[in-house]
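Engineer:
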Amino acid sequence: MSHQEPQQVEVLVVGAGQAGVAMSEHLSDNGIPHLVLERERIAERWRTMRWDSLVANGPAWHDRFPGLEFQDVDPDGFATKDQVAAYFEAYAEKIAAPIRTGVEVTSVTRNQGRPGFRVETSDGVVEARYVVAATGPFQKPVFPPIVPDGPEGPGAVQIHSSDYRNPEQLPEGNVLVVGAGSSGVQIADELQRSGRQVYLSVGPHDRPPRSYRGRDFCWWLGVLGLWDLETPTAGAEHVTIAVSGARGGHTVDFRALAAQGITLVGMTDRYDDGVLTFRGDLAANIAAGDANLLALLDQADAWVEANGMDLPEEPQARVLGDDPTSVTDPLLALDLADAGITSIVWATGFATDYAWLPAGALDEAGRPSHRRGVSSEPGIYFVGLPWLSRRGSSFIWGVWHDAEHVAGHIATQRSYLTYEAPTA
Ligand SMILES: Cc1cc2nc3c(=O)[nH]c(=O)nc-3n(C[C@H](O)[C@H](O)[C@H](O)COP(=O)(O)OP(=O)(O)OC[C@H]3O[C@@H](n4cnc5c(N)ncnc54)[C@H](O)[C@@H]3O)c2cc1C
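So in the UniProt record's numbering, the last one in the sequence shown is 424, and the numbering has no gaps at all.
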């Protein structure tokens, strides 16, 4: 279908992941006409851009929107990635979200001399008064250019965690997983359990207990106000959170990973002539992760005490055990061929790409320039970004609340435009 005349819409939402669906709900609640364009399918990243065995990191009672419970998952269980995708599809249907799939937005430019934006798409032009970018917190895989591909490299297959699907996908042999956030630890664990020898490169991380005193960490972060933190603690901007819902959910424990046979190493630093070197920061990174865990237990205990709550004590949660040899006597260099490493999985995160938006919505580095999703370019909005308004912003429950704020802002702007001066 191509449109001779641009289609006119009040609000155009770009992307139909959880952020786009949440946006649609709040726009409808405010009576604001809108259209959601999605280049693939609803919740595409949950369907096809994550590994096969992935389950949600938070329990089903928590990692959902307020308006619908998971139908087929125990509230304390962890939805599979396909159940999460099906949930958002069902949610979109429930709220009758006006989503058009298979349409990519390629550019947004401000109209001259009249309000609104001209939006180029793979299916013609749309004109919108307001545009909401809901294209995801994790758009472009990034990994540091440490190990060259081709003749200068070690010949190992190198993939990003977003391209990892299952152990069978990798050539026979041993694996280095770089990055110890939720993705890296879960992938390393799966590969080791499939019979591979695995090396895991561990940087700074937080590792909350899966549960403490009978409550999941998602609950603790909620009651302690930690999901609501407005900015990362100083110096901790890039600290990843290592949690897992795999195998019914468990605390990420690097000592247990080492005991099961994974070799822990520090941050991956340099590659030279077949040899990878690691920083000597492994013990410090493990210790900082432990300190993070213990601090949360302290905060939880203080909260229980202050509120006179009757939750069972759990002193064994503080027992960390001895450091494994790979921590006390760390490997600082690894000859990849000698170690039989045929694959490297880079679980090193993502960047965003907003080159399709007007420059006024971005800072000099091309990052979104906004306050709680309201961009510096009037009429452009963001939802779903990490720390958009708080720590929970890029997570399922958090984006729903941010979308409410953004829809409210659009409603307020529209209310000014309906003002009519009294006739004399
Ligand atoms: C491995 C992994 C596990 C996670 N697990 C959890 C979890 O358990 N619990 C939790 O709360 N959060 C989790 N998250 C974080 C977050 O919930 C997800 O990243 C989620 O997918 C973000 O939703 P979103 O709608 O903001 O973005 P996305 O899911 O990325 O959706 C954006 C959509 O926009 C579309 N799009 C992009 N560009 C265009 C364009 N130009 N035109 C049209 N459409 C476009 C994409 O196709 C996509 O469907 C996880 C993240 C990762 C990476």
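Built from N, CA and C at the ideal position, the CB exists for glycine as well. Every value quoted in this text rests on a predicted model; they were computed, and no experiment measured them.
Write down every uninterrupted run of the alpha helix (DSSP H) in the segment 34 to 107 whose length is 4 residues or greater and which is fully enclosed by it, in chain order.
Structural biologist: Whole alpha helix (DSSP H) segments, 4+ residues: 44 to 48 and 81 to 94.
Engineer: According to DSSP, is T325 part of a helix, a strand, or is it coil?
Structural biologist: Your numbering for residue 325 matches position 325 in the sequence shown. In this structure, T325 counts as helix in the three-state DSSP scheme.
Engineer: Just the Cα atoms here: how many angstroms apart are M1 and E38?
Structural biologist: The sequence position of residue 1 within the sequence shown is 1, counting from 1. The sequence position of residue 38 within the sequence shown is 38, counting from 1. Residue placement at M1 cannot be trusted, given a pLDDT of 49 that sits under 50; the coordinates are not used to answer.
Engineer: Which term fits E230, buried or exposed, when burial requires 16 or more other beta carbons within 10 angstroms of its beta carbon?
Structural biologist: The residue you call residue 230 lines up with position 230 of the sequence shown. E230 comes out exposed.
Engineer: Can you give me the C-alpha to C-alpha distance between G274 and H62, rounded to a whole angstrom?
Structural biologist: Indexing the sequence shown from 1 puts residue 274 at position 274. Indexing the sequence shown from 1 puts residue 62 at position 62. Rounded to the nearest angstrom, the two C-alpha atoms are 45 Å apart.
Engineer: With three or more C-beta pairs closer than 8 Å as the rule, is the segment 248 to 266 touching the segment 343 to 352?
Structural biologist: The answer is no - the segment 248 to 266 does not touch the segment 343 to 352, with fewer than three Cβ pairs under 8 Å.
Engineer: Does DSSP put W400 in a helix, in a strand, or in coil?
Structural biologist: As a position in the sequence shown, residue 400 is number 400, starting the count at 1. Reduced to three states, the DSSP call for W400 is helix.
Engineer: What separation, rounded to the nearest whole angstrom, lies between the Cα atoms of P106 and Y87?
Structural biologist: The sequence position of residue 106 within the sequence shown is 106, counting from 1. The sequence position of residue 87 within the sequence shown is 87, counting from 1. Note on identity: in this sequence residue 106 is Thr, with Pro being the wrong assignment. Those two C-alpha atoms are separated by around 28 Å.
Engineer: For T412, which three-state DSSP category applies?
Structural biologist: Along the sequence shown, one-based indexing puts residue 412 at 412. Note: T412 maps to helix in three-state DSSP.
Engineer: Relative to ligand 2, is the shortest distance from any of its heavy atoms to the C-beta of Q260 smaller than 6 Å?
Structural biologist: Although ligand 2 was asked about, the structure shown includes only ligand 1 as ligands.
Engineer: May I ask whether a heavy atom of ligand 1 can be found less than 6 Å away from the beta carbon of residue 425?
Structural biologist: The structure shown does not extend to residue 425, since the chain is modelled only from 1 to 424, so the question has no answer here.
Engineer: Below 8 Å, how does it come out for the segment 123 to 139 and the segment 302 to 319: are there three or more Cβ pairs, yes or no?
Structural biologist: Too few Cβ pairs lie closer than 8 Å, so no.
Engineer: Roughly how many angstroms lie between the CA atoms of Q114 and A128, to the nearest whole one?
Structural biologist: For the purposes of this step, residue 114 is taken as the residue at position 114 of the sequence shown. For the purposes of this step, residue 128 is taken as the residue at position 128 of the sequence shown. Reading off the sequence, residue 114 comes out as Arg, not Gln. The alpha-carbon atoms of R114 and A128 are separated by roughly 11 Å.
Engineer: Looking only at C-alpha atoms, which of P151, G153, S182 and N174 sits nearest to residue 463?
Structural biologist: This structure does not reach residue 463, given that the chain is present from 1 up to 424, and the question cannot be answered.
Engineer: Classify S211 as helix, strand or coil using the three-state DSSP reduction.
Structural biologist: What you label residue 211 is simply residue 211 of the sequence shown in a count that begins at 1. In this structure, S211 counts as strand in the three-state DSSP scheme.
Engineer: Taking 6 Å as the cut-off, is the CB of F138 close to at least one heavy atom of ligand 1?
Structural biologist: The residue labelled residue 138 in the question sits at position 138 within the sequence shown. Yes, the Cβ of F138 comes within 6 Å of a heavy atom of ligand 1.
Engineer: Any heavy atom of ligand 1 inside 6 Å of the beta-carbon of P261?
Structural biologist: Mapped onto the sequence shown, residue 261 falls at position 261. Correcting the residue type first, residue 261 is Gly in the shown sequence and not Pro. Checking every heavy atom of ligand 1 against the Cβ of G261, none is found closer than 6 Å.
Engineer: With distance defined between alpha-carbon atoms, name the residue in R110, S28, A16 and S201 nearest to L332.
Structural biologist: Here residue 332 is taken as the residue at index 332 of the sequence shown, counted from 1. Comparing Cα positions, the closest option is S201.
Engineer: What is the DSSP secondary structure of M1, counted as helix, strand or coil?
Structural biologist: For the purposes of this step, residue 1 is taken as the residue at position 1 of the sequence shown. Residue placement at M1 is poorly supported in this model, since its pLDDT is 49, which falls under 50; the coordinates still yield a value, given next. M1: coil per DSSP, three-state reduction.
Engineer: Please specify which runs of the beta strand (DSSP E), each continuous and at least 3 residues long, are wholly inside the segment 162 to 237, giving them in chain order.
Structural biologist: As far as the segment 162 to 237 is concerned, its whole beta strand (DSSP E) runs of at least 3 residues are 174 to 178 and 198 to 201.
Engineer: Whose C-beta lies closer than 7 Å to the C-beta of H3 among residues of the same chain, with five residues either side of it excluded?
Structural biologist: One-based indexing of the sequence shown puts residue 3 at position 3. Because the pLDDT at H3 is just 49, under 50, the model does not fix this residue reliably, and the value given afterwards should be weighed accordingly. These residues qualify, in order along the chain: G124 and V125.
Engineer: Rounded to the nearest angstrom, what separates Q7 and D29 at their Cα positions?
Structural biologist: The residue labelled residue 7 in the question sits at position 7 within the sequence shown. The residue labelled residue 29 in the question sits at position 29 within the sequence shown. Going from the Cα of Q7 to the Cα of D29 covers about 23 Å.
Engineer: Using only alpha-carbon positions, find the residue among P145, H370, R255 and L224 that is nearest to A283.
Structural biologist: The count along the sequence shown starts at 1 and reaches residue 283 at position 283. Ranking the options by Cα distance to A283, first place goes to R255.
Engineer: On the premise that F138 lies in contact with W400, defined as a C-beta separation below 8 Å, what is that separation, rounded to the nearest angstrom?
Structural biologist: Position 400 of the sequence shown, counted from the first residue, corresponds to residue 400. Position 138 of the sequence shown, counted from the first residue, corresponds to residue 138. Their Cβ separation, rounded to whole angstroms, is 18 Å, which puts W400 and F138 out of contact at 8 Å.
Engineer: Could you tell me the boundaries of the beta strand (DSSP E) in which W303 lies?
Structural biologist: Taking the first residue of the sequence shown as position 1, residue 303 is located at position 303. Segment L282 to N307 is the alpha helix (DSSP H) holding W303; no beta strand (DSSP E) there.
Engineer: So I159 and W51 are supposed to be a Cβ contact under 8 Å. How far apart are they, rounded?
Structural biologist: Within the sequence shown, the letter at position 159 stands for residue 159. Within the sequence shown, the letter at position 51 stands for residue 51. Not really, about 11 Å apart at Cβ, beyond 8 Å.
Engineer: Quick check on the burial criterion: 16 or more other C-beta atoms within 10 angstroms. Buried or exposed for T240?
Structural biologist: For this step, residue 240 is matched to residue 240 along the sequence shown. Answer is buried; the Cβ neighbour count reaches 16.
Engineer: Determine contact between the segment 286 to 303 and the segment 352 to 364, defined as no fewer than three beta-carbon pairs at a distance below 8 Å.
Structural biologist: Because the criterion of three Cβ pairs below 8 Å is not met, the segment 286 to 303 and the segment 352 to 364 do not touch.
Engineer: Could you tell me the boundaries of the alpha helix (DSSP H) in which H160 lies?
Structural biologist: Your numbering for residue 160 matches position 160 in the sequence shown. Not the alpha helix (DSSP H): H160 falls in the beta strand (DSSP E), residues V157 to H160.
Engineer: Answer yes or no: does any C-beta atom of chain D fall closer than 7 Å to that of A97?
Structural biologist: Absent from the structure is chain D; it holds one protein chain and no more.
Engineer: Rounding to the nearest angstrom, what Cα-Cα distance links M49 and E377 in this structure?
Structural biologist: As a position in the sequence shown, residue 49 is number 49, starting the count at 1. As a position in the sequence shown, residue 377 is number 377, starting the count at 1. Spanning the two alpha carbons is a distance of roughly 31 Å.
Engineer: Straight-line CA distance for G384 to S393?
Structural biologist: Within the sequence shown, residue 384 is the residue found at index 384, counting from 1. Within the sequence shown, residue 393 is the residue found at index 393, counting from 1. Those two C-alpha atoms are separated by around 6 Å.
Engineer: Are the CB atoms of residue 490 and N292 nearer to each other than 7 Å?
Structural biologist: Lying before the first or after the last residue shown, residue 490 is absent from the chain, which here runs from 1 to 424.
Engineer: Considering Cα atoms alone, identify which of A16, A56 and P368 is closest to E44.
Structural biologist: As a position in the sequence shown, residue 44 is number 44, starting the count at 1. The shortest Cα separation from E44 among A16, A56 and P368 belongs to A16.
Engineer: Tell me the rounded alpha-carbon separation between E120 and A56.
Structural biologist: As a working note, residue 120 is residue 120 in the sequence shown. As a working note, residue 56 is residue 56 in the sequence shown. So the two alpha carbons sit approximately 34 Å from each other.
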